[in-house]
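Here's the structure we're looking at; comments come further down.
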Amino acid sequence: MISKELIGASAKPLVLSVLAQGEDYGYSIIQRVRQLSEDQIEWTEGMLYPVLHRMEKEGLLVSSWQVGDSGRKRKYYRLSKTGAKSIAREQAQWIAVHNTLAKLWGMKPCTT
Amino acid sequence: MHDVDKLIANWKSSIATSEALRNDDLDELEEHLRCAVERYQQKGLSLEDAFFLAERKLGSPGQLDGEFSKTNIDYIWTQRIAWMLIGFVLMSVAFRMVGFVGRIAFWTGMSVSLSPALTAVAQNAAIAIAWSGLLYLLIRARHNDRGLRRFFRQGSRWSLTTAVLIVAAMFLLIEATNMASQVVMSRTVSVSTIGEYALANVIGGTVLQPLVIIASLVTAILLRRQSRCETST
Numbered sequence: 000m001i002s003k004e005l006i007g008a009s010a011k012p013l014v015l016s017v018l019a020q021g022e023d024y025g026y027s028i029i030q031r032v033r034q035l036s037e038d039q040i041e042w043t044e045g046m047l048y049p050v051l052h053r054m055e056k057e058g059l060l061v062s063s064w065q066v067g068d069s070g071r072k073r074k075y076y077r078l079s080k081t082g083a084k085s086i087a088r089e090q091a092q093w094i095a096v097h098n099t100l101a102k103l104w105g106m107k108p109c110t111t
Numbered sequence: 000m001h002d003v004d005k006l007i008a009n010w011k012s013s014i015a016t017s018e019a020l021r022n023d024d025l026d027e028l029e030e031h032l033r034c035a036v037e038r039y040q041q042k043g044l045s046l047e048d049a050f051f052l053a054e055r056k057l058g059s060p061g062q063l064d065g066e067f068s069k070t071n072i073d074y075i076w077t078q079r080i081a082w083m084l085i086g087f088v089l090m091s092v093a094f095r096m097v098g099f100v101g102r103i104a105f106w107t108g109m110s111v112s113l114s115p116a117l118t119a120v121a122q123n124a125a126i127a128i129a130w131s132g133l134l135y136l137l138i139r140a141r142h143n144d145r146g147l148r149r150f151f152r153q154g155s156r157w158s159l160t161t162a163v164l165i166v167a168a169m170f171l172l173i174e175a176t177n178m179a180s181q182v183v184m185s186r187t188v189s190v191s192t193i194g195e196y197a198l199a200n201v202i203g204g205t206v207l208q209p210l211v212i213i214a215s216l217v218t219a220i221l222l223r224r225q226s227r228c229e230t231s232t
């Protein structure tokens with residue numbers, strides 16, 4: 000299991016990257032991250048929403064209420080232009096951390 | 000009502016004490032719960048188990064409140080200021096009303112030529128009855144009115160603090176104006192009449208106003224506790 004601190008720190012890049020693939024709503028974002036991480040990243044689910052709202056306030060996301068496939072109202076999030084641009088910056092930071100650790104542990108660094 | 004709606008309604012009332020959750024946030028969390036319940040039911044869980052799991056994974060009301068408070072701090076303070084203004088307005092109105100009742104009692108006492116001391120007693124009695132009546136109406140209305148219930152869950156701390164501060168300030172102010180008016184009156188009315196009236200009035204007022212403060216505080220605390228019990232059951 001990944002520590003609480005790391006889960007908190009990785010929430011923003013994860014949300015940005017999930018939404019880079021298209022708009023989505025809270026529950027579905029959580030499920031996709033859980034599946035991709037093979038159950039390693041397990042959020043306290045309600046905590047994602049304040050993160051989404053903060054990112055919206057920062058201008059990284061745009062939200063809108065739509066009627067989902069369930070027939071109920073759902074709040075969908077998508078990337079704003081600023082949000083899309085910020086992914087590259089996040090990527091560079093995470094790769095830098097990853098590469099540093101990889102070198103220290105004698106693993107092959109990530110090239111992209 | 001559908002079973003899941005009942006469970007959702009219970010959950011909503013358990014979280015209704017939070018000042019940090021806007022209606023929009025509640026709707027979003029509700030939709031999340033419904034999605035999670037559906038998914039767990041598809042996996043073969045009973046409705047109750049599915050809901051229990053979904054609710055636990057969503058986070059406790061305390062956790063949600065703490066986390067949303069960080070994001071919605073401006074919303075929380077807008078609400079608190081609104082509650083304080085409501086407390087101020089309500090208390091001002093209450094003061095005017097009670098003052099009016101007191102003045103009626105005073106003029107009635109004077110016109111039926113009650114002794115000055117009895118007039119003061121009647122005036123203070125009328126004021127005491129008026130305050131009790133207002134408190135009683137507030138308590139009665141609370142059970143029927145959704146807005147008032149919300150007020151007692153979220154706003155009472157802020158509006159009643161403001162109200163109590165106003166009462167305390169008025170207490171000091173009224174004492175000062177009382178004294179000033181008695182000085183003015185002493186030029187037209189015989190001093191013994193004023194003295195008798197003033198003594199009874201000052202004693203009445205001095206006893207009554209701290210009592211109003213204490214009664215408001217006790218009522219507020221009792222009602223808050225009661226509304227907490229209602230939410231937790």
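Top line first, the protein sequences correspond to chains Y and E.
So that you can map any letter, position 98 of the first sequence is 97 in numbering that gives the first Met the number 0, and since no number is skipped, the others follow by simple counting.
So that you can map any letter, position 176 of the second sequence is 175 in numbering that gives the first Met the number 0, and since no number is skipped, the others follow by simple counting.
We put the CB at the ideal spot given by N, CA and C, even for glycine.
Asked	Found
Applying the criterion that 16 or more other CB atoms from any shown protein chain within 10 Å of the CB defines a buried residue, is valine 182 of chain E buried or exposed?	exposed
In terms of residue numbering, what span does the beta strand (DSSP E) encompassing valine 61 of chain Y cover?	60-66
Per DSSP, what kind of secondary structure is leucine 78 of chain Y in: helix, strand or coil?	strand
Residues of chain E with CB under 9 Å from glycine 7 of chain Y, in chain order?	Those within 9 Å of glycine 7 of chain Y in chain E number zero; the least Cβ separation is about 11 Å.
Can you tell me whether arginine 33 of chain E is buried or exposed? The criterion is at least 16 other CB atoms within 10 Å of its CB, across all chains shown.	buried
Kindly indicate which residue of Y:Glu37, Y:Leu5, Y:Ile6, Y:Tyr48 has the alpha-carbon position closest to the one of tyrosine 26 of chain Y.	Y:Tyr48
Which residue's Cα is closest to the Cα of arginine 141 of chain E: E:Thr192, E:Ala104, E:Ala219?	E:Ala219
Starting from proline 108 of chain Y, find everything on chain E with Cβ-Cβ shorter than 7 Å and list it in chain order.	What proline 108 of chain Y touches in chain E: nothing, since even the nearest Cβ is about 35 Å away.
Please report how far the alpha carbon of glutamine 208 of chain E lies from the alpha carbon of alanine 116 of chain E, in whole angstroms.	19 Å
State whether the region 100-109 of chain E contacts the region 170-178 of chain E, with contact taken as three or more CB pairs (one from each stretch) at a distance under 8 Å.	no
Of all Cβ atoms in chain Y, is any one closer than 8 Å to the Cβ of threonine 16 of chain E?	no
Between which two residues does the alpha helix (DSSP H) holding serine 185 of chain E run?	Where serine 185 of chain E is concerned, there is no enclosing alpha helix (DSSP H), given that its DSSP letter is neither H nor E.
Quick one: residues in its chain with C-beta nearer than 6 Å to the C-beta of phenylalanine 87 of chain E, no 5 flanking neighbours on either side, listed in chain order?	Thr161
Under 8 Å Cβ-Cβ, which residues of chain E neighbour glutamate 44 of chain Y?	His31, Ala35, Lys56, Leu57, Gly58
Residues of chain E with CB closer than 9 Å to the CB of glycine 70 of chain Y, please, in chain order.	The contacting residues do not exist; glycine 70 of chain Y stays about 11 Å from chain E at best.
Would you say leucine 133 of chain E and alanine 93 of chain E are within 8 Å of each other, going by their C-beta atoms?	yes
Ignoring anything shorter than 4 residues or poking outside the region 86-163 of chain E, list the alpha helix (DSSP H) runs there in chain order.	115-143, 145-149
Helix, strand or coil: how does DSSP classify aspartate 38 of chain Y here?	coil
Secondary structure at arginine 33 of chain Y, three-state DSSP: helix, strand or coil?	helix
Assuming serine 36 of chain Y contacts leucine 59 of chain Y under a Cβ cut-off of 8 Å, what Cβ separation, rounded to an integer in Å, is found between them?	Not confirmed; about 21 Å, so no contact.
Could you please give me the residues that DSSP links to lysine 11 of chain E through a beta bridge?	Its beta-bridge partners do not exist; DSSP assigns none.
Could you tell me if the beta carbon of arginine 102 of chain E falls within a distance shorter than 7 Å of some heavy atom in the ligand FMN?	With respect to the ligand FMN, the structure shown offers nothing to examine, as it has no ligands at all.
Could you check the C-alpha separation between tryptophan 106 of chain E and isoleucine 165 of chain E for me, to the nearest Å?	26 Å
Given asparagine 200 of chain E, which residues of its chain have a CB within under 8 Å of its CB, disregarding the five upstream and five downstream residues?	Ala119, Gln122, Asn123, Asn177
Hey, out of E:Leu210, E:Ser114, E:Ser215, E:Asp64, whose CA is closest to leucine 136 of chain E's CA?	E:Ser215
Mind checking which residues open and close the alpha helix (DSSP H) that includes alanine 49 of chain E?	46-57
Interface residues of chain E around tyrosine 75 of chain Y at Cβ under 7 Å?	The premise fails here: tyrosine 75 of chain Y is roughly 11 Å from chain E at the closest Cβ pair, so nothing lies under 7 Å.
Quick check on the DSSP output: the alpha helix (DSSP H) that includes asparagine 22 of chain E runs from which residue to which?	22-41
With a threshold of 6 Å on Cβ separation, who are the neighbours of serine 189 of chain E within its own chain once the five nearest residues in sequence on each side are excluded?	none
Looking only at its chain, what residues have a beta carbon closer than 7 Å to the beta carbon of serine 69 of chain Y, apart from the 5 residues adjacent to it on each side?	none
Output, in chain order, the set of chain E residues within a Cβ distance shorter than 8 Å of glycine 58 of chain Y.	In chain order: nothing, as chain E lies at least about 15 Å away.
So, for arginine 186 of chain E: in the same chain, excluding its five sequence neighbours on each side, which residues have a beta-carbon less than 7 Å away from its beta-carbon?	none
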